[in-house]
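Below is one structure, written out as structure tokens; comments come after it.
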Amino acid sequence: MKILSTRNLKKYFPIRSGVFLQVSGWVRALENVNMEISQGETIGIVGESGCGKSTLGRTIVKIYEPTAGSITYCDPSGEAHDISKRIDRRVEPVFRKDVQMIFQNPFDSLDPRMTIRDTIREPLQTHRLFAGKKATKAMDDRVAELLMKVGLYPEYAQRYPHEFSGGQRQRIAIARSISVNPRLLICDEPTSALDVSVQSQIINLLKDIQRDTNMALIFISHNLDVVHHMSDRIMVMYLGNVVESAPATELFDHPAHPYTQALMSAIPSWNPKDRKLGLVKLEGEPPSPINPPSGCPFHPRCRHRLAACSKVKPEAAEVSKGHFSACHLHGV
Amino acid sequence: MTGAVERERERAHERERILTVRNLKTYFRTPEGIVRAVDDVSFHLDRGEVLALVGESGCGKSVTAHSILGLVKAPPAKVEGEIVFGDRNLIGLAEREYRNVRGKQISMIFQEPMSAFDPLYTVGHQLMEVAKAHMPWDESEAKGRIIDTLKSIHIPEPEKRYDEYPHEMSGGMLQRIMIAMALITSPDIIIADEPTTALDVTIQAQVLNLMQDLQSQYRGSIIFITHDLGTVAEIADRVHVMYAGKIVEKAPVVELFDHAIHPYTAGLLTSRVRREYKGKDLPYIEGYVPRAYEFPEGCRFHPRCPRATAKCKETPPPEFEPAQGHTVACWLLEEGHSR
Numbered sequence: 006m007k008i009l010s011t012r013n014l015k016k017y018f019p020i021r022s023g024v025f026l027q028v029s030g031w032v033r034a035l036e037n038v039n040m041e042i043s044q045g046e047t048i049g050i051v052g053e054s055g056c057g058k059s060t061l062g063r064t065i066v067k068i069y070e071p072t073a074g075s076i077t078y079c080d081p082s083g084e085a086h087d088i089s090k091r092i093d094r095r096v097e098p099v100f101r102k103d104v105q106m107i108f109q110n111p112f113d114s115l116d117p118r119m120t121i122r123d124t125i126r127e128p129l130q131t132h133r134l135f136a137g138k139k140a141t142k143a144m145d146d147r148v149a150e151l152l153m154k155v156g157l158y159p160e161y162a163q164r165y166p167h168e169f170s171g172g173q174r175q176r177i178a179i180a181r182s183i184s185v186n187p188r189l190l191i192c193d194e195p196t197s198a199l200d201v202s203v204q205s206q207i208i209n210l211l212k213d214i215q216r217d218t219n220m221a222l223i224f225i226s227h228n229l230d231v232v233h234h235m236s237d238r239i240m241v242m243y244l245g246n247v248v249e250s251a252p253a254t255e256l257f258d259h260p261a262h263p264y265t266q267a268l269m270s271a272i273p274s275w276n277p278k279d280r281k282l283g284l285v286k287l288e289g290e291p292p293s294p295i296n297p298p299s300g301c302p303f304h305p306r307c308r309h310r311l312a313a314c315s316k317v318k319p320e321a322a323e324v325s326k327g328h329f330s331a332c333h334l335h336g337v
Numbered sequence: 555m556t557g558a559v560e561r562e563r564e565r566a567h568e569r570e571r572i573l574t575v576r577n578l579k580t581y582f583r584t585p586e587g588i589v590r591a592v593d594d595v596s597f598h599l600d601r602g603e604v605l606a607l608v609g610e611s612g613c614g615k616s617v618t619a620h621s622i623l624g625l626v627k628a629p630p631a632k633v634e635g636e637i638v639f640g641d642r643n644l645i646g647l648a649e650r651e652y653r654n655v656r657g658k659q660i661s662m663i664f665q666e667p668m669s670a671f672d673p674l675y676t677v678g679h680q681l682m683e684v685a686k687a688h689m690p691w692d693e694s695e696a697k698g699r700i701i702d703t704l705k706s707i708h709i710p711e712p713e714k715r716y717d718e719y720p721h722e723m724s725g726g727m728l729q730r731i732m733i734a735m736a737l738i739t740s741p742d743i744i745i746a747d748e749p750t751t752a753l754d755v756t757i758q759a760q761v762l763n764l765m766q767d768l769q770s771q772y773r774g775s776i777i778f779i780t781h782d783l784g785t786v787a788e789i790a791d792r793v794h795v796m797y798a799g800k801i802v803e804k805a806p807v808v809e810l811f812d813h814a815i816h817p818y819t820a821g822l823l824t825s826r827v828r829r830e831y832k833g834k835d836l837p838y839i840e841g842y843v844p845r846a847y848e849f850p851e852g853c854r855f856h857p858r859c860p861r862a863t864a865k866c867k868e869t870p871p872p873e874f875e876p877a878q879g880h881t882v883a884c885w886l887l888e889e890g891h892s893r
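Same order as they appear, the protein sequences are chains A and B. The numbering of the first sequence is this note's numbering, which starts it at 6 and goes up by one. The numbering of the second sequence is this note's numbering, which starts it at 555 and goes up by one.
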């Protein structure tokens, strides 16, 4: 069952300057992003910093208003709603409960002055999931159940965030986000602030929860290996554009876009007898999204650049079944 | 063990020992108790080699670096042991003398290029400060040298960059400028504290390549501090793995990746997200890194160790040397346990 889709989604941030804060330019954070996610599915979004992957996550949950394009949300009964502008008052509570998010840094995303119990109870109260006389008791039971589910002791409910390590805090953030049984969870770099030995624990936990609840995940990360492990489908972003999207294994076996190939070549080998960093052939740095290059956004750094690349922006072409790449090399 | 000592002596003849750290202890007093951030750590560094200190947050790898550079204020902290650089012990060195070492003979590259530079001055000004403090050059000569250094690390348009402010540059560019800053004085040792952690993979590859080039060009030594074994495999000659203030395993890089012995090192190596694991659970190390003021008794890794025995809970393990140049602090190696 489809949960959410976007069509030509754009997000531009204004740059204001001068005394009257006139708009002097735009940061083009997202350009024409199309995606679709269904129940139980995981979509991975990879790219380097500034490629717009976090903006995409935040626009989907409507932390940001899209500049253009549409977001369609299907409620649990299957009815589709356009939520790109203001969300209908009857749909909003359902949407807000249905789509939850966890953030990169668990040191910032938990309120230091709230106990874990209050932190996890807050969404339950906001969405009025428990009513009546026994609500408090029922909520406490739910908190205990959630803490167990994420691998923490129920007694921890009385404690404050500072008493926990990064990995434990991220577990608390996960408990909070799944407390209202969302159908879609957006994970924005959930493991990159954590230690290596703890990263795998959190990934396993997310996978377990997904298996139990059949929720959909949008998994945003710069770490290709982690995204490959988590996702059914991967979208590679560069300067606000989706340059390639494919099923996870297909993308890793046959990366088509030169940028994806370059990204993969930069993953360390983990083998000191076969060092490969010297082989990475990617010069320069991503240009600024304020003044993106004409044509293909990747052409100034691309090794296979053609004459057309600086003039015409390539459209996504299907290179094999379900595998799309926006590059003139496989143009239509 | 005597055999090991002799072999050490032999090797010392072949290579030039440039830094020796013996029984370094750096303790901090905090409201929660005494933090034994670095606890009896010994290692050495030869000229021209890249030594990686690997460990997770709070293992003491950065405090080790700060202790070497005299950046730990003692008192209130307590720094004990020996840090022999050249023919001097750096511990207890007067601040005025330390200034001839720190930033000149031993320089440092920090993790966050964005916060390591002063946003109010141009990068040229900040590079010039280093040159003026340590080198006998006049202003115009210093500027020429700085521009040359920037050129040598492939910074495009160095003259223009010289007059720019940190906010005008990307993180990768600033990190390269920080490398230039560390190189101006032609130091014997560069300590790089997570130099690529804040960077994207493609930029990380560029910076690592650059460091490798420099290292072979200048024959300087690098202490490379990181939590990422992937980058260690790419750049290090020898690796020391730290956990909770102790070095648990020391080995040449190939040996470490092929024959890791300490359960913590093995755990770190299997924590890598491999493609074969797709659809399965990832292997991981149970539990969490302990807090610095409540390190466990005995072997500090025992609460998380799958092979811990009663002995591990009581007595901290000594260092065993199962192969030449490979030492492991783990009771598993007692009584000729072979690998």
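Where is the CB? At the ideal position from N, CA and C, for every residue including glycine.
Contact set between residue i and chain A, taken where Cβ atoms lie within less than 7 Å
i, result
"A759/B", "A271, L282 and V285"
"V807/B", "P277"
With 16 other Cβ atoms within 10 Å as the buried cut-off, status of residue i
i, result
"K800/B", "buried"
"R893/B", "In this predicted model, R893/B has a pLDDT of only 43, less than 50, meaning its place in the structure is not dependable enough to derive any value."
"K102/A", "buried"
"P673/B", "exposed"
"V827/B", "buried"
"H880/B", "buried"
"N246/A", "buried"
"M555/B", "With a pLDDT of only 46 at M555/B, under the threshold of 50, the placement of this residue in the model should not be trusted, and no figure is reported."
"T756/B", "buried"
"C884/B", "buried"
"D742/B", "buried"
"P302/A", "buried"
Contact set between residue i and chain A, taken where Cβ atoms lie within less than 8 Å
i, result
"D600/B", "Those within 8 Å of D600/B in chain A number zero; the least Cβ separation is about 18 Å."
"E788/B", "P273, S274, P277, R280, K281 and L282"
"M832/B", "Going by the sequence as given, residue 832/B is Lys instead of Met. Neighbours of K832/B on chain A, chain order: H233, H234, A253 and T254."
"G821/B", "S202"
"H781/B", "D200 and V201"
"S825/B", "V201, S202, Q204 and S205"
Delimiting residues of the alpha helix (DSSP H) encompassing residue i
i, result
"N276/A", "Careful: N276/A lies outside any alpha helix (DSSP H) and carries neither H nor E."
"A787/B", "L783 to I789"
"K615/B", "K615 to I622"
"M765/B", "V755 to Y772"
"T47/A", "Counting along the chain, T47/A falls outside any alpha helix (DSSP H), though it belongs to the beta strand (DSSP E) covering T47 to V51."
"S22/A", "Careful: S22/A lies outside any alpha helix (DSSP H), inside the beta strand (DSSP E) at K7 to S22."
Under 9 Å between C-beta atoms of residue i and residue j
i, j, result
"F639/B", "K804/B", "no"
"M240/A", "I48/A", "yes"
"A267/A", "K281/A", "no"
"W93/A", "R122/A", "The displayed chain sequence assigns Asp, not Trp, to residue 93/A. Cβ atoms of D93/A and R122/A: not closer than 9 Å."
"C79/A", "L190/A", "no"
"A734/B", "I707/B", "yes"
"I622/B", "I744/B", "no"
"P667/B", "P712/B", "no"
"S330/A", "A261/A", "yes"
"D193/A", "G55/A", "no"
"L762/B", "E788/B", "yes"
"D791/B", "L605/B", "yes"
Proximal chain B residues relative to residue i, where beta-carbon distance stays under 9 Å
i, result
"H227/A", "D754 and V755"
"N209/A", "D835, L836 and Y838"
"L157/A", "Chain B residues near L157/A: none, gap ~11 Å exceeds 9 Å."
Residue range of the unbroken beta strand (DSSP E) whose run includes residue i
i, result
"R576/B", "R571 to T584"
"E41/A", "Q27 to S43"
"G635/B", "K632 to F639"
"Y243/A", "R238 to Y243"
Integer Cβ distance of residue i from residue j, believed to fall under 8 Å
i, j, result
"V592/B", "L578/B", "6 Å"
"P81/A", "G171/A", "Wrong, their Cβ atoms sit about 34 Å apart, outside the cutoff."
"R181/A", "T120/A", "About 12 Å; that fails the 8 Å criterion."
"R33/A", "S75/A", "Wrong, their Cβ atoms sit about 18 Å apart, outside the cutoff."
"G609/B", "V795/B", "6 Å"
"D87/A", "T77/A", "6 Å"
Contacts that residue i makes with chain B (C-beta to C-beta distance below 7 Å)
i, result
"F257/A", "R829"
"Q206/A", "Y838"
"S54/A", "D754"
8 Å Cβ cut-off: residues of chain B touching residue i
i, result
"G172/A", "Y842"
"D230/A", "R826, V827, R828 and R829"
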